[in-house]
């Protein structure tokens, strides 16, 4: 049994990762500050499902330098899976300091903890947003990523640079994972699938940016977690600089147009969306498409969840969590009709 620190354990991907680790018999210390970026009750509900003899929750802010230092001094972690961050591209346009505190200051504190505790492997969340203005598809880790179009993307690229520095200077094995539009049960309310589902069920319009002409590499959360754990179990070999440092894309490798995504959701809900078409938002990118060939080669990563199946799983969870039975939806539709 290995002991993992999972940061962001009350978050979407962190919760699923911690749950899978516990199910396979590992011990998990879950860290989260449980902030109010979105509904705190959703985070608390996730944490309640992690109740387990091998799970301990620590409420702590990544930017708390002394708190993070004490955590690494008192616990004996074998590996660290760092998924906590201030998320959201659009939120970064109006709340830049939240990203500096969490994604930069917080990441330094994680790196320092790993350095002094001599952690065997740090796996951390980067993002497909680092590709920014890149137009060459599919996105490859060999492409240049020095043209971010949001502060969120800039902080994620900074994380990759910081990780390389610590791998080079202190020999810490680090692997960064560039996530591509993760979705599924227990997802974040600020993400498209959650917001679209809520609006459609309530008979309200959905905002469709760039008139639906955007493509995203939607990746089901179970596939993501499988990839994360495969990577965590295999520390990287030295790269061309000699540092034990690696970057992977982790996505579905099957981009879907936003209009198709909405149609898939409509089919799962049995209801049509009222669409409010809008221009492109600042900070958004036109398309994402992950080249995951090296991840498949190195750890056998193969996403296997079709979009229709993944969206249906989300809708089933949403109905159950919010207490919206199908019968109630049909009655509401008949009343409105």
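In my numbering, the protein residues as written are 9 to 345. We put the CB at the ideal spot given by N, CA and C, even for glycine.
### Task
Could you pull out every residue in the same chain whose Cβ sits closer than 8 Å to the Cβ of residue 117, ignoring the five residues on either side in sequence?
The answer, listed in chain order, is 70, 71, 72, 73, 76 and 77.
### Task
With a threshold of 16 other CB atoms inside 10 Å of the CB of residue 344, please say whether the residue is buried or exposed.
Residue placement at residue 344 cannot be trusted, given a pLDDT of 49 that sits under 50; the coordinates are not used to answer.
### Message
With a threshold of 7 Å on Cβ separation, who are the neighbours of residue 284 within its own chain once the five nearest residues in sequence on each side are excluded?
### Response
Correct list, in chain order: 213, 214, 215 and 216.
### Message
Can you confirm whether the region 230 to 241 touches the region 196 to 207 when touching is taken to mean that 3 or more C-beta pairs between the two stretches lie within less than 8 Å?
### Response
The region 196 to 207 vs the region 230 to 241: no contact.
### Query
Fully enclosed by the region 170 to 255, which alpha helix (DSSP H) runs are 4 residues long or longer?
Correct list: 200 to 209 and 229 to 240.
### Message
Quick check: residue 303 and residue 258, are their CB atoms within less than 8 Å of each other?
### Response
Yes, Cβ-Cβ distance for residue 303 and residue 258 is below 8 Å.
### Query
Going by DSSP, what residues sit across from residue 40 in a beta bridge?
Answer is 67.
### Message
Rounded to whole angstroms, what is the Cα-Cα separation between residue 97 and residue 10?
### Response
Straight-line measurement puts the Cα of residue 10 at about 34 Å from the Cα of residue 97.
### Message
My parser needs the alpha helix (DSSP H) runs of 4 or more residues fully inside the region 81 to 168; what are they?
### Response
If only uninterrupted alpha helix (DSSP H) runs of at least 4 residues are considered, those enclosed by the region 81 to 168 are 104 to 107 and 114 to 125.
### Query
Is it the case that the Cβ atoms of residue 220 and residue 274 are separated by a distance below 8 Å?
Going by C-beta atoms, residue 220 is not nearer than 8 Å to residue 274.
#### Entry: Assigned secondary structure, residue 281 (DSSP; H/G/I helix, E/B strand, else coil)
Residue state for residue 281 is assigned as coil, using DSSP reduced to three classes.
### Query
Near residue 101, which residues of its chain fall below 8 Å by C-beta distance, leaving aside the five closest residues on each side in sequence?
So the qualifying residues of the chain are 158, 159, 290 and 291.
#### Entry: Separation of residue 248 from residue 49, as counted between CA atoms
Using only the alpha carbons, I get a separation of about 46 Å.
### Query
Nearest-angstrom Cα distance between residue 136 and residue 147?
Spanning the two alpha carbons is a distance of roughly 8 Å.
### Query
By the 10 Å Cβ neighbour count, where 16 or more other Cβ atoms means buried, how is residue 110 classified, buried or exposed?
In this structure residue 110 is buried. Its beta-carbon is surrounded by 16 or more other beta-carbon atoms within 10 angstroms.
### Task
Classify residue 262 as buried or exposed, calling it buried when 16 or more other Cβ atoms lie within 10 Å of its own Cβ.
By the neighbour-count rule (16 or more Cβ atoms within 10 Å), residue 262 is not buried but exposed.
### Task
Since I believe residue 189 is in contact with residue 132 (beta carbons under 8 Å), could you give me their beta-carbon distance rounded to a whole number of angstroms?
That belief does not hold up - the Cβ atoms of residue 132 and residue 189 are roughly 18 Å apart, past 8 Å.
### Query
Can you tell me whether residue 329 is buried or exposed, with buried defined as 16 or more other CB within 10 angstroms of its CB?
Residue 329 comes out exposed.
### Task
Please state if the CB of residue 222 and the CB of residue 294 are separated by a distance shorter than 8 Å.
Going by C-beta atoms, residue 294 is nearer than 8 Å to residue 222.
### Query
Are residue 92 and residue 19 closer than 8 Å when you measure CB to CB?
Cβ atoms of residue 92 and residue 19: closer than 8 Å.
### Query
Can you tell me the Cα-Cα spacing of residue 191 and residue 65, whole angstroms?
Cα to Cα, the separation comes out at about 24 Å.
### Task
Tell me whether residue 408 sits in a helix, a strand or coil according to DSSP, three-state version.
The shown model of the chain, from 9 to 345, leaves out residue 408, and the question about it has no answer.
### Query
Can you pull the DSSP bridge partners for residue 11?
35, per the DSSP bridge assignment.
### Query
Are the beta-carbon atoms belonging to residue 224 and residue 296 less than 8 Å from one another?
Yes; because the gap between Cβ atoms is below 8 Å, this pair is in contact.
### Query
With burial defined as no fewer than 16 other Cβ atoms inside 10 Å of the residue's Cβ, what is the status of residue 312: buried or exposed?
The residue in question, residue 312, is exposed, as its Cβ has fewer than 16 Cβ neighbours within 10 Å.
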